[in-house]
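Just so you know, this note's numbering puts 164 at position 102 of the sequence shown, and the rest follows in order with no gaps. Idealized CB from N, CA, C, for every residue including glycine. Okay, structure first, notes after.
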Amino acid sequence: MNKEVIAICPGSFDPVTNAHLDIIERGKSIFDRVVVSVLVNLEKEPLFSLEERVGMLNDVTEQWDNVEVDQFDGLLINFAASKNAKVILRGIRAVTDFDYEFQMALMNRRLADDIETVFLVPAEAYTYLSSSLVKEVVSLGGSVTGLVPPMVEVLLREKLSA
Ligand code: ADP
């Protein structure tokens with residue numbers, strides 16, 4: 063019997079920020095394995111293609127042996143089951159995230175009550191950090207150094223500099 067506790071960490075990661083990495087790093091010390099799972103079809107057109115989002119995540123998590131990057135489409139709980147994951151790992155930002163996250167967690171439990179959602183809180187410095195804010199700042203010419211990995215900042219500038 064497989065006793066490994068595997069957590070799925072789902073998201074858009076458009077692009078990965080230091081807040082995401084903070085949550086993944088905390089998760090990898092609690093669970094045996096973390097599968098960072100990139101959502102294929104986003105409601106909004108992403109800035110980075112699926113391949114680019116997965117590629118950036120692979121680069122910035124490659125030093126962590128028990129972290130892998132994958133992609134998924136459709137119901138998260140089906141993907142989690144295919145990975146033998148018993149945990150959905152999500153980060154909580156400000157209280158504004160809470161309502162939506164609560165709904166998702168309860169719906170996922172209704173669909174699969176053997177999978178638990180676990181919420182982690184990031185380092186204080188990243189509390190208000192989001193991929194969309196980072197994109198906005200770079201598109202207006204501001205610096206996001208310290209908020210995203212250096213290679214992500216370079217790629218953001220390439221995409222967003224007019
Ligand atoms: P989604 O579109 O599903 O919210 P994101 O890529 O924005 O995907 O986020 C993926 C995960 O990382 C989510 O659990 C989200 O709550 C978490 N996350 C993102 N930014 C932060 C942050 N600043 N603090 C805590 N958690 C965060």
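Within a 10 Å sphere around the beta-carbon of residue 193 sit 16 or more other beta-carbons, which makes this residue buried. Fully contained in the stretch 86-137 are the following beta strand (DSSP E) runs of length 3 or more, in chain order: 95-101 and 129-134. In the DSSP annotation of this structure, the continuous segment of the alpha helix (DSSP H) that includes residue 196 starts and ends at 193-201. Not one heavy atom of the ligand ADP sits closer than 7 Å to the Cβ of residue 88. Cβ-Cβ separation between residue 68 and residue 141: approximately 12 Å, too far for a contact (criterion under 8 Å).
Taking the Cβ of residue 91 as the reference point, every heavy atom of the ligand ADP lies at 7 Å or farther away.
Taking 7 Å as the cut-off, the C-beta of residue 195 does not count as close to any heavy atom of the ligand ADP. The C-beta distance from residue 73 to residue 112 rounds to 13 Å, too long to meet the 8 Å contact threshold. If you look at residue 151, you'll find it in the beta strand (DSSP E) that goes 149-153. Under the 8 Å Cβ criterion, the stretch 85-101 counts as touching the stretch 123-139, having at least three qualifying pairs.
Here residue 158 carries a helix assignment [DSSP, helix/strand/coil]. Per the C-alpha coordinates, the member of 177, 195 and 88 positioned closest to residue 148 is 177. In the structure shown, residue 182 adopts extended strand secondary structure according to DSSP, grouped into three states.
At a threshold of 7 Å, residue 123 does not count as near the ligand ADP, since its beta carbon sits no closer than that to any of the ligand's heavy atoms. Rounded to whole angstroms, residue 123 and residue 173 show a C-alpha spacing of 30 Å. Judged by beta-carbon spacing, residue 76 lies beyond the 8 Å limit of residue 119, meaning their Cβ atoms are not closer than that value.
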